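This report concerns only the one structure given below.
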Amino acid sequence: MQLENFLLMRHELLLLLLALLVLVFEIFTDDGKIHKIIPWITGLFVLVTFAGFLPQTEGVLFGGMFRITGMQIMMKNILNVGVAIILLQSAVWLKKPENSGKISEYYILLLSTLIGMNFMISSGDFLMFYLGLELATIPMAVLAAFDRYRNNSAEAGIKLILSSALSSGILLFGLSMLYGMTGSIYFDAINANINQSPLMALSLIFFFAGMGFKISLVPFHLWTADVYEGAPVSVTSYLSVVSKGAAVFIFSIILFTVFDKLSGYWINMVYALAILTMTVGNLFAIRQKNMKRFLAFSSIAQAGFILLGILNASEFGMTTIMYFVLVYIFSNLGAFGVVSAISYFTGKENMDDYDSLYKNNPKLSLLLTISLFSLAGIPPFAGFFGKFFLFMSAASQGYYWLVFIAVLNATISLYYYLLPVKAMFINKSETPLPVIKSDVYTRIALILCAVGIFGVGFYSPVYEWIYQLVLQFGI
Amino acid sequence: MMLTASQFMFYFFALAIVIFSILTVTSQRILRAATYLLFVLISTAGIYFLLNYQFLAAVQITLYAGGIVVLIIFSILLTSHVGVKFDMVGWKKRLATGIAVAIGAILVITTILQYQFEASTEAARAVEMRWIGLSLLSYEKEGFVLPFEVISILLLASMIGAIIIARKEEKNESNN
């Protein structure tokens, strides 16, 4: 193995370097000065994000355990963009006095979960896939419990670790059956030896259930709302956007490339879960009064829409999934950015508190409106194109009833996405929230989201670019 | 039909695993549950010995039975009152759980028994330490150096996480 082959692992190595830098900085800095790391690490991460877009060769390392293709690089870049925005949004929260002792730990934990996701996306066997998944989950539970002096943050941590331990157990049981039948942990060897026996179907179901927990599909979603509500807002947005996106990517890669011969089984499962997830997520979202819980259930419903793309096991399906996740990152982070800015500066998180927000904070209200419109899929915004392509990919396989139900659900979602908009612009309030003067980081993050919501939708080469990369990967 | 000695040992260990596993999750005292878990892990090591896989058996005993159970017992002793007896859950819940578990177990067991596993064509051989060491550090196919390194990142992150969770927060305790 040549030393320069390590450059194929550029994303992972850069992130690891960054995490180690934070560690060293922490050792050599006085306790009171650690907050100085915030601009540095944010800037360096933006550089890492740009470096991810540099051209890179494709290849296979470690005897097939690590695979890198243009599509996987793109997936990692999409995640990096999301994390860059989240780091910008979390700067103001990290500067609060109660976090002064654990700034660097926040970065180390966040970066290590991202490294885990990257390894998971690049995995060529189930061992690396599982390790990446755990690396993306265990530090995440600590992040959820970051405000541990708040009871519900500690609760979020323990709920996340317990439910993910259970789902990992189910997943591993399925994988061990798979190993027993095929005698290998490598994706290509398993794919070559796959058979149509009931045991194979059972192992697929267990794998599916384990991943269902991570993506929070109904009926595996019960942990989601409590964890999202209890965790700090930055962590919630990380969980609902980046973590979910990574799980969706590897889930579809494995279904399309390893279990492709079993599509007769999993197409039906995806079909049923898509309907359940969209509908249940929507019906619960309508009733939520807390903005974080509201966005949690809306993100469950969005996961149901993503499943429409998985139904089309082709280049087209994969492209729509990646494109949707990219759009979803901008829209959801825009919404979370506004919610977190309001939460940090006023401590208010309920929808009633948003009454007449427009009066004192027109820019924030406008951005939240754009983001919610994009999430709902209203035309000029990127969210519309994301949903439209997903519907098209399912319709091209002939699933008209499913698309019909999805359109119905999109209409229902329009209702509840408009509720906060109505609160901000129409509802009268005696005591609207005061003028919120957000800091530079938050502003940059929100502007980036706004640019993304408009740009990704109108600039069609983005979609074409992803499509070409997926074509090269070959599904 | 007479059982051979190794068959007898297999059933002995298997029965021990099943019984102690059930006791682990049904025990009302947490320290007893941890002790039952110890027996489960030791019996599992016994099955590895039967399979002639001494290395894994040794790992199982030193790491799991020796290390992890001791860790669990320590954390129980440090954090909770050992004498506490957990309340039994209501019979409705127990019935529902029992039915769900029974259905799941029957489904999985019948499916596994139905499947015709192919016997490996390779001759059984003792696993040499040298071979384990080489494959652990090999970067070719069937080599495990990458997972080995990734686990070290996982352990580092987990340790930092554990420190965050366990550390006292001096400033806030005075404020609140």
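Taken in order, these protein sequences are the chains called U and G. Quick note on numbering that gives the first Met the number 0: the first sequence kicks off at 0 and runs consecutively. Quick note on numbering that gives the first Met the number 0: the second sequence kicks off at 0 and runs consecutively. Beta carbons: idealized from backbone N, C-alpha and C, even for Gly. Computed from a prediction, not measured in an experiment: that's the story for all the values here.
Taking 8 Å as the cut-off, the beta carbon of isoleucine 84(U) is found no closer than this to the beta carbon of leucine 367(U).
Just measuring C-alpha positions, the residue of Val247(U), Ala302(U), Ile320(U), Ala208(U) sitting nearest methionine 268(U) is Ala208(U). Per DSSP, the unbroken beta strand (DSSP E) holding isoleucine 67(U) starts and ends at 65-67.
Beta bridge pairing from DSSP links glycine 58(U) with Ile67(U).
When Cβ-Cβ separations below 8 Å define contact, glycine 58(U) makes no contact with chain G. Residue burial is scored here from C-beta neighbours: tryptophan 92(U) has at least 16 other C-beta atoms within 10 angstroms and is therefore classed as buried.
Listed along chain G, the residues sitting closer than 8 Å to glycine 179(U) by beta-carbon distance are Phe116.
Taking the beta carbon of glutamate 141(G) as reference, the chain U residues within 7 Å of it are Gly62, listed in sequence order.
Here lysine 213(U) is actually not in contact with alanine 164(U); their C-beta atoms are around 12 Å apart, not less than 8 Å. Look at the beta carbons and you see the segment 136-151 of chain G touching the segment 117-132 of chain U: at least three pairs across the two are nearer than 8 Å. When Cβ-Cβ separations below 8 Å define contact, isoleucine 137(U) makes contact with chain G. Here isoleucine 137(U) is near glycine 160(G), since their CB atoms are less than 8 Å apart. Interface criterion not met: the Cβ of proline 231(U) is under 8 Å from no Cβ in chain G. Judged by DSSP in its simplified three-state form, serine 196(U) adopts coil rather than helix or strand. In the three-state reduction of the DSSP assignment, arginine 166(G) falls in the coil class, being assigned neither a helical nor a strand state. Between the segment 17-36 of chain G and the segment 354-363 of chain U, the count of Cβ pairs shorter than 8 Å is below three; the stretches do not touch.
Nearest Cα to glycine 66(G) within the set Leu40(G), Leu77(G), Arg93(G), Tyr10(G): Leu40(G).
Bounds of the alpha helix (DSSP H) holding proline 38(U) are 36-51. Annotation: Cβ neighbours of leucine 126(U) in chain G (cutoff 8 Å, chain order): Phe143, Pro146. Residue pairing by DSSP puts tyrosine 185(U) in a beta bridge opposite Asp124(U). Contacts with chain U at 8 Å (Cβ-Cβ) include valine 149(G). Interface flag for alanine 156(G) against chain U is set, since a Cβ pair is found closer than 8 Å. Nearest to histidine 10(U) by C-alpha distance, out of Val23(U), Met119(U), Ile37(U), is Met119(U). According to the DSSP assignment, proline 460(U) belongs to the alpha helix (DSSP H) that extends over 460-472.
In the displayed model, lysine 84(G) falls within a strand according to three-state DSSP. Against chain G, a Cβ distance below 7 Å from phenylalanine 44(U) picks out nothing, because the smallest value is about 17 Å.
If only uninterrupted alpha helix (DSSP H) runs of at least 4 residues are considered, those enclosed by the segment 328-393 of chain U are 356-359, 361-375. Using a 10 angstroms sphere on the CB of methionine 210(U), the tally of other CB atoms reaches 16 or more, which defines it as buried. Here asparagine 289(U) carries a strand assignment [DSSP, helix/strand/coil]. For leucine 133(G), no Cβ of chain U is located within less than 8 Å of the residue's own Cβ. For serine 121(U), the nearest beta carbon of chain G is not closer than 8 Å to its own beta carbon. Below 8 Å, too few C-beta pairs join the segment 186-202 of chain U and the segment 268-280 of chain U to call them touching: fewer than three. Beta-bridge pairing by DSSP links arginine 28(G) to Lys84(G). For threonine 61(G), there is no enclosing alpha helix (DSSP H), as DSSP marks it with neither H nor E. Counting along the chain, the unbroken alpha helix (DSSP H) around aspartate 225(U) starts and ends at 223-229.
The closest CA to that of glutamine 115(G), considering only Ala295(U), Thr181(U), Ala191(U), is found on Thr181(U).
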